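Heads up: the structure comes next, in structure tokens.
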Amino acid sequence: MLNSFTPPSTSIVDRLRHRAEHLGSQVAFTFLVDGEDEEIKLTYEQLDKRCQAIAAELQARGMEGERALLLFPPGLDFIAAFFGCLYAGVIAVPAYPPRRNRNMVRIQAIAEDAQAKVALTISDVFDRMVPMFEETPKLKTIEWISTDKVEDNLAAKWNQPRITAETLAFLQYTSGSTGTPKGVMLNHGNMMHNSALISYAFETTRSVRACFWLPMYHDMGLIGGVLQPMQIGQPNVLMSPMAFLQQPYRWLRAISKYQCNVSGGPNFAYELCVQKITPEQREKLDLSSWELAFNGAEPVKPETLDRFAKTFEPCGFRREAFYPCYGMAEATLIISGGMKKSPPVIQAVDGYSLDQHQVVDADPDDDGARLIVGCGNTLPDQRILIVDPETFTKRQPDEVGEVWVQGPSIAKGYWRNEEATEAIFNAYTSDTQEGPFLRTGDLGFMQAKGELFITGRLKDMIIVRGVNRYPQDIEQTVTQCHDLLDGMTAAAVMAEVADKERLIIVAEAPRAKRKDLTDIIAAIRREVAIEHEVSVDGVALIRRGSIPKTSSGKIQRHACREHFLTHTLPVLERWVAWDEVQVSEEIQRVKLRRAQLEAARADAEGLAVSDPMVRQRTVQMVIDKIREIAKDRGRQIEPDTDILELDLDSLERMEIIASIEDHYGARFPDDILPSMRTVAQVADCIEIYLATDEMLPTSSGEIPQEMYGFSALPEYRQVRQISEQLGDLGLPNPYFQVLDSATSATAIVDGKEVINFAGYNYLGLADHAEVKKAAIQAIETLGVSTSGSRLISGERALHRDLESELAKFIGVQSSMLMSGGHAANETTIGHLLRTGDLIVHDSMAHSSIITGANLSGARRRPYPHNDWRELDEILHDIRKDYRRVLIVAEGIYGMEGDVCPLPQLVEIRNRHKTWLMVNEAHSLGTLGKTGRGVCEHFGIDPNQIDIWIGTLSKAFGSSGGYVAGSHELVDYLKHTASGFVYSAGLSPPATAAALAGLRQLEQNPGWVTKLQQNADLVRELAKKAGLNIGGSDKSPIVPIIVGDSMMTMILAQKLLADGVNARPLTYPAVEESAARLRLFVNAHHTKDQIRQTINKLAALWSKLQRENHASAG
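Just add 267 to the spot in the sequence shown (first one is 1) and you have the working numbering.
See below:
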């Protein structure tokens, strides 16, 4: 039975109704009409009645399940309409009504994308909008409701719809492109969870009073200023954003007057208060009640925090009240935040290194040091990763990457936009296959202690006063604002100049006869301000055709920004709103910092400091490399020659890059390749990316212990931390389990025989009498070790026999033995490919495949798991840019237990003229009628696959690995691959055991059938028991997905105590939501053992869930 202190958490509607029932007469919202003294108040009881009346009106019109556009000025009418939509089961679509000087194109674009059937507003706004309908005729087809004309007595006709946590509540259209608006789909569960996160982070209670001026149609104003107070049951004071912008004093006066505890806004709001509030006004303020001053929605500047604190400390403001945080609409609102009353974390880093995506600590007083404000830690139920945005691999704490987020607050995607939803909301890491994550598009890094720092945007979003604008929208306005700009190209960028983020416009202009182009600049400033409500701070009109672009014609906004700041554009006319002298000094300081770093590097490498010969040699080397490829086309090449004008095709350009990379033994980052158009630019990139900055001495001249002491290694400390956490929880380490017997259908663990699903001895050959006998005979005849490389020290007949019979069994010409499957993958990939080649692999590929690809120097690109269509599209787009291309797949994927789409991969291999490599570690001996693997399973000629890789430790009951394929492939690798040439031959007992195991398999194909039947039985029983087996199909690997690392380890421990051995696989090996037990099925498992295992597993899992639910409740 719920009481007033335990409100329901099922939906927003249930929560608000509970508030109305138990806090009916309490004021929920106070709106300051004039921003000062004129108040309008709304109690929970009044709000509930208005919501019911509006909902009844919507229901009467048959709008349940439809979308409703909300076009309200700031005020309480919006709040009633928003909740009224939720009461009616209508999906709310908040927007802002157009002003008299603005058209309605964006509103129409949102209405069309959302497929809105009704629009809610008030009479005054509707009357003003009617004349504008001529611009947007489609808005005429929408039903319009003026909520101020809806009578309260309609509330009696309201019927509460069925609403759950999964019910879609509203679409949050993010500030962005007019042409392609994207509506974030947020359900009741998202909002309830994020409100709970804010309550946790802000430590709010019902006694807390908040004050908000932020727009209610945006996430921070709506979630933070409307939903969050209702969630807690706290009173909230509201005012119009315009009231604040006109007089920032009103905001702080309201905090002072109502003694509010929580308030905040974007960084610019604090800066505005410092600039606009007079000393006389400050004397009237009492800010002693302000306990939490959140700062988010745009970069938090340490100097702003310092200026605001110093200015308003005499008013009672406390510096520790600052609360920098991070969030976005796609995550409902908040993503990270700190501890209340703890001062902000500010870190000084080297700015030049940060531009190279490296985090290097610096003294705050150093030239080039950059101060960054932390945005707090990961909040409960949420998870944050820093990921390389190109390779999708996880970054280290000292590296900058894209911020990825996972948790219950993450939205379900974008409305009617599956492509964008898949790209943004369904990201997986390529190295650990963790996911799905939300890609925020923000760049940042995390300290070892978990503090998140945001350093920039992955894309070129324009962020002004916390509101996002797409550069292409502003650029379109620029090219349409003056006749002479029609058909020209423009770039809109943000640049930090003189401690302020400024909007810069770079636009091409024709060579006009007149010299004065100031009217064009005036038109740009005027039209951008009218259309986008932002001020332009700088304009450069440049020669037609000279704006920096990629080879595919895309505008290089980053290059435009840099050239504008360094005065390296071919300018026809230039205007800026700041002091150019001061900025010039800043540029010189940046150049000096770079020169100091380069001098330090040169000194460390024994070069002459500032030696112009170094630069000259670099430029000449680039010219020589280009001439090697371009031949006669490169005869007239100079440092400023545009390489794209040499008529080189994409493959020739890649060959030049590969040759330079080979010369330096390093690689350019993929994202800078398009920017290297001239010889001088290539030389610049060589100095920045291929030189050894990591060899620079530290500023103190001392090497930190973590650089040379294993006990201080961050990676080792992380391993120890996991072990210590297990110990603190009273759990044994689930890894390195000691076994006292061979592992087959059963095993002896701690002196007790248990049913064993923890080893991949699939056919039971590791303990077969004939296999053991063969190994013993080999030891007696040939000894334990080969004691040398087969190439140099000789080989045994056993090696040749096994290689011959293995090739025949697979169905190819030849094979070669390796020390292990891991080594086979690394050696083969690393040896066959190099810089200038491409490796395309499944996103769930084994780590040895990733390692081999990285060692090769080739470009590596993952494709979504088993998505052969995406693979085909990738190769269609970029195959021509590379020399050799290798597709890598696995017969059976060891993590998921599913089979690769081999027929489609073969067809793609043939059409795009690539190599195809298949890792059969888990599929040879387990798939197909006679165990000949994935080819037999699909009925495909094995010779259609170029490279076969596998292990001898699974189905064959031995150890070691192999490579198989054509005579030419094997002969080449045997004579040149270092992993074979410089490695001891496979030991005689392992070779003999594998050979005996292979022969036993050929004589007893029924074992394969029995294995497959056992695996099918495990899957069938697990599904019936309600266990989640993921994508397992046709394989002896059956995951039991638990979705929680700690629960997975507890389940494994309890299962072992109950007589079944199955090992856990937890984060970070898999994403937290995919934590699992893996069952490796054996041909010798009996049906009774399988039934016992599934019954025990289902019972224990059910019990754990009940216990966990009870403790959580």
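Just so it is clear, CB atoms sit at the ideal spot from N, CA and C, and this is done for glycine as well. Source: prediction; values computed, not measured.
Residues sharing a beta bridge with residue i, DSSP
i     : result
C527  : DSSP, once it has assigned bridges, lists no residue as partnering C527.
A807  : V773, R841
S1056 : A1251
E538  : DSSP lists no partner for E538.
R586  : In the DSSP output, where bridge partners are listed per residue, R586 has none listed.
S603  : Y593, T645
V1016 : L1006, K1019
Range of the contiguous alpha helix (DSSP H) that encloses residue i
i     : result
D391  : 390-396
T414  : Looking at the DSSP string, T414 is not in any alpha helix (DSSP H), and its letter there is neither H nor E.
P546  : 546-549
Q1320 : 1312-1324
H1035 : Segment: none, H1035 is in no alpha helix (DSSP H) and carries neither H nor E.
W1274 : 1273-1291
Buried versus exposed, by CB contacts within 10 Å (16 or more), residue i
i     : result
D909  : exposed
I346  : buried
S474  : exposed
V360  : buried
E333  : buried
V493  : buried
E260  : It is not possible to answer for residue 260, since the shown part of the chain is limited to 268 through 1380.
Q883  : exposed
D1355 : exposed
N1177 : exposed
E565  : buried
V280  : buried
A287  : buried
H834  : exposed
S802  : exposed
F1223 : buried
W845  : exposed
Bounding residues of the beta strand (DSSP E) (the contiguous stretch that carries residue i)
i     : result
G1232 : 1228-1232
C592  : 589-594
R724  : 719-724
S813  : Unbroken run through S813: none, as it is neither H nor E.
K308  : 306-310
N503  : 503-506
Three-way DSSP call (helix, strand, coil) for residue i in this model
i     : result
C478  : strand
M452  : strand
N644  : strand
L559  : strand
F400  : helix
G680  : coil
Q623  : coil
L1268 : helix
P1130 : Per the sequence shown, residue 1130 should be read as Tyr rather than Pro. Residue state, collapsed to three classes: strand.
P1306 : strand
W671  : strand
V1051 : coil
P361  : strand
Y516  : helix
Q714  : coil
G356  : coil
L638  : strand
S1082 : strand
Cutoff 8 Å: residue i Cβ touching any chain B Cβ
i     : result
F1247 : Chain labels in this structure do not include chain B; a single protein chain is all it has.
Between the segment 478-485 and the segment 583-594, can you find at least three pairs of beta-carbon atoms closer than 8 Å? no
Any contact between the segment 1142-1155 and the segment 1062-1070? By contact I mean 3 or more CB pairs, one from each, below 8 Å. no
Would you call the segment 1295-1306 and the segment 1357-1375 in contact, with 3 or more CB pairs under 8 Å? no
Sufficient close CB pairs (3 or more, under 8 Å) joining the segment 1229-1240 to the segment 1205-1216: yes
Report yes or no: do three or more beta-carbon pairs, one from the segment 741-752 and one from the segment 780-800, lie closer than 8 Å? yes
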